Structure formats: structure tokens, C-alpha cells
Amino acid sequence: MKNYLFFVPLFFFALAQPQAGLTAGMDQPGRGVAVKPARATWNTGFFQEALVRRGLEELGYKVDKPKDLSNPIFYKSLTLGDVDYWTNGWFPLHESQMPDNFYEKGDIHGYVVKAGAIQGYLVSKKDAEKFNITSLDDFKRPEVKKVFDRNRDGKADLTACPPGWGCYETINHHLKVYDLVEHINPITASYEASMASTLAAYKSGEPVLFYTWGPNWTLYKFKPGKDVVWINVPETKPSPQQEPLKDRMEVSGIEGAVSDPVKLGFVVNDIRIVANKDFMAKNPAAKAFFEVFTLPLDDLNAQNTRMDNGEKSEEDIARHVDEWIAKNKSTWDGWLQTAREAAR
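Shown next as C-alpha cells:
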């Protein structure tokens with residue numbers, strides 16, 4: 000009788016153990032799987048990367064520190080299997096930077112921001128009004144070039160994009176097709192440093208001309224319609240990569256634009272997650288999470304502004320992630336639940 004009583008509790012304890020393991024496995028379908036993320040070189044894309052990484056970690060994945068890669072190197076690395084995903088795909092902008100075999104090895108998932116990624120050229124409002132600047136073509140005028148020529152090389156200075164970014168190629172396309180090479184000098188150094196210099200110049204009362212995109216802290220520091228205005232390209236002349244989406248290059252309802260619609264010269268983009276096909280096939284939970292993950296544009300702009308105000312360390316970004324999840328707990332838990340169900 001003593002032996003019988005001794006073994007009964009052990010019997011039920013043994014039965015309970017597989018159930019506990021099963022529950023843990025269901026909550027963390029990625030347990031034991033190592034993941035190799037990448038991250039864009041522009042820091043305005045760091046927040047969504049950190050949020051997605053946190054989501055995968057809560058699903059049990061062991062996620063490495065992301066590799067900071069330029070666009071072409073990322074897409075090549077993905078096809079080689081050196082990285083598994085990133086959250087910084089801009090489409091259709093990045094199509095031209097993909098290797099020919101990309102869709103054999105990679106795919107695009109979800110919408111971090113759908114049709115919310117705007118790009119274009121802005122000019123200090125007071126100077127746009129003073130010199131009647133409505134288009135890039137106005138920078139061919141000697142009196143306009145002179146006041147925007149900060150380095151005294153005879154050309155108007157444009158804060159542009161570093162090599163390796165999709166906008167770098169598009170801006171060069173514009174300078175050529177609108178015959179602006181002899182009139183505009185694109186500054187292609189570090190974007191963050193160049194924009195800091197541009198902001199300082201603006202605060203000192205100097206005229207400024209710059210390229211930017213949203214989501215971006217620049218649209219909080221330079222308020223369109225108050226501080227700066229969006230200007231047109233002379234006419235819509237898409238590059239071969241832009242041609243299929245030419246109708247997305249002229250946009251109505253843009254606050255602070257000099258015209259409505261405004262000819263931006265850039266396609267309004269979707270920000271999407273790009274991932275390796277083999278990784279997706281083996282990890283349905285991660286795939287489901289990628290498909291449902293999305294962020295309001297205002298949330299991205301607000302976080303980017305905090306970074307520009309000095310909160311840009313990895314610890315700061317992790318805190319921003321904590322705060323966003325706490326404010327959006329129901330949405331966050333719903334995404335995780337969807338991912339867990341996909342793995343069952």
C-alpha cells in the first residue's frame with residue numbers, strides 16, 4: 000500500500016510534464032531557431048526592425064544582432080542565405096537594386112506602412128515665396144542658384160542621398176533628364192550629418208533645398224507648409240523602374256505642397272518586410288507575424304523625432320519598443336496569437 004501511494008503522485012506528475020512542454024512549445028514555436036536579421040543604414044528604419052525582432056524573440060526565436068547593410072548588399076546577401084530578413088524594403092523603389100534571381104530566393108511580406116512612404120524635394124518656404132520657386136527647374140535661374148549656393152561653386156546645393164540608397168539613383172536621373180547637372184550640386188555625404196547641417200543653416204536664416212522622405216524626423220523639424228514647401232519636378236519623367244507606377248508619382252492632398260497635385264518625381268512607396276523563402280517555409284510563425292505587422296505613420300515619425308532629439312542608442316530604441324508595446328498591448332498580443340496559430 001505504501002508503494003502504491005508513493006507511485007500514484009509520480010504517475011500524475013509524469014503525465015503533466017509533456018503537457019507543460021507542449022504549452023511552452025505552442026507559446027514559443029520558434030524555440031531553438033537562430034535568426035539572422037539585417038537592418039538598413041538609415042536610422043529612421045531602426046524602430047520597426049527592433050519591434051519585429053522583439054516579436055520574434057517573444058515567439059521563442061534566437062535573433063542575432065542585425066547587420067547594417069546598404070540596399071544592394073542586403074538583397075544579394077538574402078539570396079545567398081547570409082541573412083534571413085529585413086523590415087526596410089521600399090517598393091517599388093528597391094526593385095532596381097535586386098539581383099536578377101531575387102524572387103527565386105526571396106519574397107516580400109505584409110505592409111509596415113502601406114502607400115505612406117512619400118519622397119520629394121523641399122525648399123525653405125520664405126525663399127520659395129520670395130523667388131517664386133515652384134519647381135526644380137527654377138534652380139536654373141541665376142538669382143536662385145546664387146542664394147542657394149552655400150559652397151560657392153556656382154550651383155545650388157541640394158542635400159541629397161548617399162550612394163547605395165535608392166534615392167541616390169533617382170536624384171541622379173532627375174539631374175540628367177531635367178538638364179540640372181550644371182545647376183544643382185547634390186551633397187551625398189552621410190544623410191544624418193548633412194541634414195543636421197541643413198537644419199543648422201535653416202535656423203541661421205539661410206535658404207535650404209533638400210530631399211527627404213516620410214516617415215522621417217525631418218518632417219517634424221521642418222514643418223511642411225510652415226517652414227518648408229514640397230516643390231515639383233518640371234514634368235513627370237519616370238526612370239525605367241518607375242514607369243509601371245507612373246500614376247503614383249503625382250499626388251494630391253499633400254500638406255505644404257506648392258501645387259495640388261504635386262509632381263514629386265518619386266513613386267509613393269510601400270514599406271514592406273523582405274525575407275528569404277527557405278526561412279519562411281520553415282518558420283510559419285515568423286511568416287504570419289511578418290504578414291500582420293503594421294505601424295501608423297504618425298508613430299514612426301514620433302519615434303524618429305525622439306531619436307533626432309538624442310534618444311538614439313540601442314537602449315533608447317529598446318525603451319521605445321517597450322513603450323509602444325505597452326500602449327498597443329491588444330494589437331501586439333493579437334499579432335503574436337496569429338503567429339502562434341499559424342505554427343500549429
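All the letters of the sequence shown, read from the start, carry residue numbers 0 to 343 under numbering that gives the first Met the number 0.
Yeah, the Cβ is synthetic: ideal placement off N, Cα and C, and Gly gets one too.
For clarity, every value in this text was computed on a predicted model and none was experimentally measured.
- DSSP places residue 189 outside both helix and strand once states are collapsed to three, so it counts as coil.
- Across the structure, residue 181 and residue 335 are spaced so that their CA atoms are roughly 54 Å apart.
- Each of 323, 275, 331 and 282 was checked against the Cα of residue 106, and the nearest Cα belongs to 275.
- When the alpha-carbon of residue 129 is set against those of 267, 43 and 146, the nearest one is in 146.
- Your pair residue 231 and residue 203 does not check out as a contact, with CB atoms roughly 27 Å apart and the cut at 8 Å.
- Here DSSP, grouped into helix, strand and coil, assigns residue 110 to strand.
- The three-state reading of DSSP puts residue 120 in strand, counting E and B together.
- When DSSP reads this structure, residue 249 sits in a beta bridge with 262.
- For residue 67, same chain residues with a beta-carbon under 7 Å away, outside a window of 5 residues either side, are 38 and 40 in chain order.
- Between residue 86 and residue 250, the alpha-carbon positions lie close to 25 Å from each other.
- Considering only 271, 343 and 312, the residue with the shortest C-alpha distance to residue 88 is 271.
- Excluding sequence positions up to five before and after residue 139, its CB lies within less than 6 Å of the CB of 182, all in the same chain and listed in chain order.
- If you look at residue 177, you'll find it isn't in any beta strand (DSSP E); DSSP assigns it neither H nor E.
- By the criterion of at least three beta-carbon pairs nearer than 8 Å, the stretch 308 to 316 is not in contact with the stretch 274 to 290.
- Nearest to residue 279 by C-alpha distance, out of 338, 178, 199 and 172, is 338.
- Boundaries of the beta strand (DSSP E) around residue 158: 155 to 158.
- Nearest C-alpha to residue 193 among 224, 156 and 82: 156.
- Taking the C-beta atoms as reference points, residue 113 is found no nearer than 8 Å to residue 82.
- Residue 342 carries a coil assignment under DSSP once its states are collapsed to helix, strand and coil.
- Between the stretch 153 to 169 and the stretch 206 to 214 there are three or more inter-stretch CB-CB distances shorter than 8 Å, so the stretches are counted as touching.
- When rounded, the separation of the alpha-carbon atoms in residue 33 and residue 90 is 28 Å.
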